[in-house]
Amino acid sequence: MLPYEIETLTNDNFIKFQMDYLNWIENCKDKDEEKKFKNGKKRTKLRDQLIYEADIILTTLASSQHSSLSMFRSDTPGYTYSQKAIRCLIVDEASQCSEPEFFMPFIYHSITKVIMVGDPLQLPATVISRLAYNAGYGRSLFERFYQYQLQQSNSNEFLSSSSSSIIRLTQQYRMHEEICKFPSKLFYDSSLQTIKDSGKNSHIPFHPYFVFSIKDSKESSSNQSKSNDAEVIFIRKLLTEILKKIGYVDNFHQPSPVSIGIITYYREQKKAIKDGLEKEFPDDLVKQIQIDTVDSFQGRECDIIILSCVRAIATNNPKGSIGFVRDQQRMNVALTRARSSLFICLHFESFENVPRWKQLIEDANKRKRLFFVSSKIFNNKLEVCL
1 MLPYEIETLT NDNFIKFQMD YLNWIENCKD KDEEKKFKNG KKRTKLRDQL IYEADIILTT
61 LASSQHSSLS MFRSDTPGYT YSQKAIRCLI VDEASQCSEP EFFMPFIYHS ITKVIMVGDP
121 LQLPATVISR LAYNAGYGRS LFERFYQYQL QQSNSNEFLS SSSSSIIRLT QQYRMHEEIC
181 KFPSKLFYDS SLQTIKDSGK NSHIPFHPYF VFSIKDSKES SSNQSKSNDA EVIFIRKLLT
241 EILKKIGYVD NFHQPSPVSI GIITYYREQK KAIKDGLEKE FPDDLVKQIQ IDTVDSFQGR
301 ECDIIILSCV RAIATNNPKG SIGFVRDQQR MNVALTRARS SLFICLHFES FENVPRWKQL
361 IEDANKRKRL FFVSSKIFNN KLEVCL
């Protein structure tokens, strides 16, 4: 009933108003009456009552200024501060919005408490303008507070201090311990604690963590993006073996026992992977696999994640760069989407001297989780790796 992504969580009022609406529709003589209802005063009245009686209102930052919430604004005629008002503002993913966006809900002068939830070590707001980005427009208020308190301390002790306004949640329930180990060390000073049995899945019989260096990897450019055919070929073979291992080789019209995601840094590689899978596998299977860019996957997770890093600059330009793939925040997102198993596909020579990626490769090698393969690898040899 509410526009612009505004929803409400209420008590029995929601059920009451919902029943009023359904009973009214049932008594309508024709569709024209229903159409009149949608645009009429009764609908507006029900909507306003529903919002006014709500205990919690869910909305995007932009939609927080919608006219349906004007009853809570102090500049609304007839408004009195003693009436029901918005007292507490909770902003989820607060590190992903710019500062002007963050202040949009503050047209409600009754707000006395603000709680921000987010991770400044993952992706910030998307800023298209390079000029605006360089001027710091992409920095969130959350990150500003975080950096300020970081500068006020010679250590990270303030993060767990009861006197600090920043509280770090150190217990993680998503990832298997083997997946969490490296990002915890690299990004969070080894402070993340994996709760027992997190990420464990009886349907997944193989190791939780793999780093594959594809020796014949070669990148190409098109449509202002990049792709890597060798990685696409290897991912198709890898997916075949994964499906065998989890016992999902037919009856694809039935839901998969585990969720599978394939993420990459480039839109062109996303398209290439999807096209490659559609040629190899039935539509019923491909539709169940989440194929997307790393940026679009923030906030999402799957039991199994295959990460395609794409860049293979050493094959044609030894002095080249891996571009935004070197970004620390983007890398953090990519490495923390998997619950039970993470497969990283990269080109060793292109990443071995890149900060942070070099540490990932060294860590994988030390843990005996680094495998050198070719896109032409036979399936039976790949099966042995798993």
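Number 178 in the UniProt record's numbering belongs to position 178 of the sequence shown; there are no gaps in the numbering. Where a beta carbon is used, it is the ideal one built from N, C-alpha and C, also for glycine.
Mark residue i as exposed unless 16 or more other C-beta atoms lie within 10 angstroms of its C-beta, in which case mark it buried.
i	result
K381	exposed
T194	buried
R311	buried
I246	buried
N332	buried
Q328	exposed
L50	buried
F343	buried
A94	buried
N379	exposed
Y146	buried
P105	buried
Y248	buried
C180	buried
C88	exposed
L239	buried
L277	buried
S222	exposed
Which partner residues of residue i appear in the DSSP bridge assignment?
i	result
L346	S213
I260	I304
K226	S221
I90	I115
T126	In DSSP, T126 forms no bridge with anything.
Can you tell me where the alpha helix (DSSP H) with residue i in it begins and where it stops?
i	result
F234	229-245
Q288	That residue, Q288, is in no alpha helix (DSSP H); it is neither H nor E in DSSP.
Q269	267-280
Q359	357-366
D295	294-297
K381	379-385
Provide the residue span of the beta strand (DSSP E) that contains residue i, from first to last.
i	result
F142	F142 -> not in any beta strand (DSSP E); alpha helix (DSSP H) instead, spanning 141-151.
S221	219-222
Reducing DSSP to helix, strand and coil, say where residue i ends up.
i	result
F158	Legend: pLDDT at F158 = 44, less than 50; position of this residue unreliable, no value from coordinates given.
K113	strand
V373	strand
S191	coil
S340	strand
Q328	helix
residue 396	Only positions 1 to 386 of the chain appear in this structure, which leaves residue 396 out of reach.
Q172	strand
A85	coil
Y52	helix
G323	helix
Y248	coil
F106	helix
Y137	coil
E101	helix
Q254	coil
F182	helix
V310	coil
V354	coil
L121	coil
S63	helix
F206	coil
S74	coil
S95	helix
Considering only their Cβ atoms, is the gap separating residue j from residue i smaller than 8 Å?
i	j	result
P282	F324	no
residue 416	G138	With the chain running from 1 to 386 in the structure shown, residue 416 is simply not present.
K215	S374	yes
V114	D92	no
F102	I86	no
S296	C345	no
S191	S198	no
I377	I304	no
L335	F142	no
Y209	R369	yes
C385	F372	no
K226	Y266	yes
I263	V294	yes
K358	E349	no
N228	S213	no
V211	I273	no
R43	S68	no
I166	Q149	yes
Check whether chain D comes within 8 Å of residue i, counting only Cβ atoms and requiring the distance to be less than that.
i	result
I111	Of the chains in the structure shown, none is chain D; there is only one protein chain.
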